[in-house]
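Asker: Got a structure here, written out as structure tokens. Questions coming.
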Amino acid sequence: MRRQSTKKQRGAVTVITALMMVFLLGIAALAIDIANALVTRNELQNAADAAALAAATCLYPRAVCGNPNANAPDWDTAQQRARDVVGMNKAQGVKIVVGDASSGYWNITSDPAGLESPPVTTGPSHLPAVRVSITKSDSNDNGSVRMFLASVIGVHKLDVSAVATAAISYPGIVGPGGLFPMAVSSCLFGKYWQNGSPLIAKDNKPLPGATITKKNGQQTPDTTPQTPGQPYVFKIGTSYQYSGCDAGQWTTFNTTNNSTDFERGVVDGKDMGQGTVSIGQNPGTYIQPGEENALFKYVQDCSAAGSKTCEWSIVPIVDSLTPKTYPVVVAYACVHILNASNGNEPYVLVQMAMAKDADHCQVKNAGGAGVGYGALQPPRLVQ
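Using our numbering, read the sequence shown as starting at 6 and increasing by one per residue.
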């Protein structure tokens with residue numbers, strides 16, 4: 006009887022051992038194969054992130070994208086760029102063959118935020134964006150992730166995917182070194198920028214009906230010569246000589262320092278301790294008193310007519326230019342500084358940036374989200 010009992014016990018142990026082996030192999034499969042799948046997913050995510058960021062760069066005309074004369078947003082070039090970059094990446098040591106790209110507007114105010122395909126009625130909350138999705142599956146040429154030990158429990162393959170969306174946004178916050186120290190009247194800006202782009206000259210004549218209004222109320226016709234097919238060129242005079250709707254004024258952001266060396270350093274894009282300025286921040290940016298005529302000569306020297314070091318600049322847009330006040334910044338604009346004059350009526354000669362000038366309008370040390378006045382931030386991931 007004991008021998009039979011012993012045999013039965015040994016048989017039971019054998020069965021239990023076999024079952025435990027299957028169980029342990031299953032646990033090992035989970036540890037090894039799931040870890041492998043997670044590593045693969047991370048590789049796909051890195052590829053999707055890189056492709057989305059590279060593609061978003063091409064939403065605006067860029068020499069590097071081969072679309073210098075395209076209309077923005079250039080959806081087709083951006084999507085092709087995404088697919089090209091996907092193919093430059095690997096997962097599990099094998100080149101990724103297939104990646105899907107779509108584009109549209111990322112609405113940052115919708116809940117949840119999402120990509121809206123054009124045509125879309127856009128507003129300040131709509132950011133042009135590119136979405137990239139990559140899947141390793143036997144349903145496409147990437148192939149599924151093969152299992153090692155999980156096949157013991159009947160799992161032979163696993164589909165893994167990753168999604169990334171990158172958007173181009175307009176700056177809402179700009180730190181030291183990112184801004185040219187001249188605040189521009191929103192009224193003046195509105196004359197030459199409408200519906201998200203600069204007004205374009207049709208001939209060599211000034212903007213129809215454009216006048217320059219002096220501080221004393223005297224109006225004179227604007228005689229600034231124009232170039233057909235290019236944004237209108239106009240003067241930004243000081244608020245001491247021109248009315249608010251034709252003026253700009255030197256600003257030092259978060260400080261009242263008005264020394265010549267300080268403001269020249271800011272013109273040069275240096276961190277002079279001027280602080281960070283945000284759209285809607287109250288108090289806003291400090292408006293300096295006085296004309297500071299010598300600074301106009303300094304700008305002439307660094308403009309497109311000089312060394313070109315300040316030829317492309319980002320300026321804050323404000324509603325008021327009253328000296329010794331802190332008006333709220335309503336937007337940041339990208340301007341092409343053509344020249345400047347420090348005569349009896351000093352001014353800076355500028356034109357608004359076009360979409361094709363995107364390479365020149367990247368704002369340094371910026372973040373947040375603002376209004377589209379030509380100034381841009383580098384692409385950022387939103388998903």
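We treat Cβ as the ideally placed atom computed from N, Cα and C, and that holds for glycine.
1. Leaving out five residues before and five after residue 308 in sequence, what residues of the same chain have Cβ atoms less than 7 Å from its Cβ?
2. Could you have a look at residue 379 and say whether DSSP puts it in helix, strand or coil?
3. If you draw a straight line from the C-alpha of residue 213 to the C-alpha of residue 232, how long is it?
4. The alpha helix (DSSP H) spanning residue 141 covers which residue range?
5. Between the segment 139-146 and the segment 107-114, are three or more C-beta pairs nearer than 8 Å?
6. Under 8 Å: do the segment 251-261 and the segment 198-211 share three or more Cβ pairs, one atom per stretch?
7. Is it the case that the CB of residue 331 approaches a heavy atom of the ligand SAH more closely than 7 Å?
8. Any contact of the segment 88-102 with the segment 119-132, i.e. 3+ C-beta pairs under 8 Å?
9. Just to confirm the assignment, what range does the alpha helix (DSSP H) spanning residue 307 have?
10. Using a Cβ-Cβ cutoff of less than 8 Å, which residues in the same chain neighbour residue 363 once the five nearest sequence positions on both sides are dropped?
11. Kindly list the residues whose CB is nearer than 6 Å to the CB of residue 404, restricted to its own chain and excluding five residues on each side of it in sequence; keep chain order.
12. If you drop the 5 nearest sequence neighbours on each side, which residues of the same chain put their C-beta closer than 6 Å to that of residue 217?
13. Under 8 Å by Cβ, that's how I've got residue 57 and residue 84 pegged, so tell me the actual separation to the nearest angstrom.
14. For residue 152 and residue 41, what's the separation of their Cα atoms in angstroms?
15. Relative to the alpha-carbon of residue 184, which residue among 105, 374 and 255 has its alpha-carbon at the smallest distance?
16. Nearest to residue 270 by CA position, among 235, 186 and 334, is which residue?
17. Roughly how many angstroms lie between the CA atoms of residue 135 and residue 108, to the nearest whole one?
18. From residue 360 to residue 49, what does the alpha carbon distance come to, in whole angstroms?
19. If we ignore side chains and look at the alpha-carbon of each, how far apart do residue 367 and residue 336 end up?
20. If we count the other Cβ atoms within 10 Å of its Cβ and call it buried at 16 or more, is residue 122 buried or exposed?
21. Among 289, 168, 80 and 275, which has the Cα closest to the Cα of residue 47?
22. Label residue 329 either buried or exposed according to how many other C-beta atoms from any shown protein chain fall within 10 Å of its C-beta, with 16 as the threshold for buried.
23. Secondary structure at residue 191, three-state DSSP: helix, strand or coil?
24. Relative to the C-alpha of residue 240, which candidate in 163, 375 and 350 has its C-alpha closest?
25. Assuming the contact rule is C-beta atoms closer than 8 Å, residue 282 and residue 274 should be a hit. Round their C-beta distance to whole Å, please.
26. Quick one, are the C-beta atoms of residue 371 and residue 179 less than 8 Å apart?
27. For residue 63, which residues in the same chain have their Cβ closer than 7 Å to its Cβ, ignoring the five residues on either side in sequence?
28. Based on Cα-Cα distance, which residue from 299, 174 and 292 lies nearest to residue 265?
29. So what does DSSP say about residue 393, is it helix, strand or coil?
Answerer: Considering the structure as presented:
1. By one-based count along the sequence shown, residue 308 stands at place 303. Same-chain partners within the cutoff: 315, 316, 342, 343, 344 and 345.
2. Numbered from its first residue, the sequence shown carries residue 379 at position 374. Strand.
3. Here the question's residue 213 lines up with position 208 in the sequence shown. Here the question's residue 232 lines up with position 227 in the sequence shown. In a straight line, the C-alpha of residue 213 is about 14 Å away from that of residue 232.
4. The count along the sequence shown starts at 1 and reaches residue 141 at position 136. Careful: residue 141 lies outside any alpha helix (DSSP H), inside the beta strand (DSSP E) at 131-141.
5. no
6. no
7. Annotation note on the ligand SAH: not contained in the displayed structure, which lists no ligands.
8. no
9. For the purposes of this step, residue 307 is taken as the residue at position 302 of the sequence shown. Going by DSSP, residue 307 is part of the alpha helix (DSSP H) stretching over 298-307.
10. For the purposes of this step, residue 363 is taken as residue 358 along the sequence shown, with counting starting at 1. Contacts found: 65, 66, 67, 77 and 381.
11. Beyond the ends of the chain as shown, which are 6 and 388, falls residue 404; an answer cannot be given.
12. Locating residue 217 in the sequence shown gives position 212, where the first residue counts as 1. Contacts found: 225, 227 and 251.
13. To locate residue 57, count along the sequence shown from 1; it is residue 52. To locate residue 84, count along the sequence shown from 1; it is residue 79. 11 Å between Cβ atoms; not a contact.
14. On the sequence shown, residue 152 is found 147 positions in, with the first residue counted as 1. On the sequence shown, residue 41 is found 36 positions in, with the first residue counted as 1. Roughly 8 Å between the two C-alpha positions.
15. Here residue 184 refers to the residue found at position 179 of the sequence shown. That would be 255, whose Cα lies nearest to the Cα of residue 184.
16. As a first step, residue 270 must be located in the sequence shown, where it is residue number 265. For the residues 235, 186 and 334, the minimum Cα distance to residue 270 belongs to 186.
17. In the sequence shown, residue 135 corresponds to position 130, counting from 1. In the sequence shown, residue 108 corresponds to position 103, counting from 1. Take the alpha-carbon of residue 135 and the one of residue 108: they are about 4 Å apart.
18. Here residue 360 corresponds to residue number 355 of the sequence shown, with the count starting at 1. Here residue 49 corresponds to residue number 44 of the sequence shown, with the count starting at 1. Taking the straight line from one Cα to the other gives about 32 Å.
19. One-based indexing of the sequence shown puts residue 367 at position 362. One-based indexing of the sequence shown puts residue 336 at position 331. Roughly 15 Å between the two C-alpha positions.
20. As a working note, residue 122 is residue 117 in the sequence shown. Exposed, since its Cβ has fewer than 16 Cβ neighbours within 10 Å.
21. Start at 1 with the first residue of the sequence shown, and residue 47 comes out as number 42. Cα-wise, what sits closest to residue 47 is 168.
22. In the sequence shown, residue 329 corresponds to position 324, counting from 1. Flag for residue 329 reads exposed.
23. Here the question's residue 191 lines up with position 186 in the sequence shown. In this structure, residue 191 counts as helix in the three-state DSSP scheme.
24. Looking up residue 240 in the sequence shown gives position 235. For residue 240, the nearest C-alpha among the options comes from 350.
25. Position 277 of the sequence shown, counted from the first residue, corresponds to residue 282. Position 269 of the sequence shown, counted from the first residue, corresponds to residue 274. Actually they are not in contact, since the Cβ atoms of residue 282 and residue 274 sit about 15 Å apart, beyond 8 Å.
26. The residue you call residue 371 lines up with position 366 of the sequence shown. The residue you call residue 179 lines up with position 174 of the sequence shown. Against a cut-off of 8 Å, the Cβ pair of residue 179 and residue 371 comes out as a contact.
27. Position 58 of the sequence shown, counting from 1, holds the residue named residue 63. 70, 72, 79, 82, 83 and 86.
28. Numbered from its first residue, the sequence shown carries residue 265 at position 260. Nearest C-alpha to residue 265: 299.
29. Residue 393 lies beyond the residue range present for the chain, which begins at 6 and ends at 388; the question has no answer from this structure.
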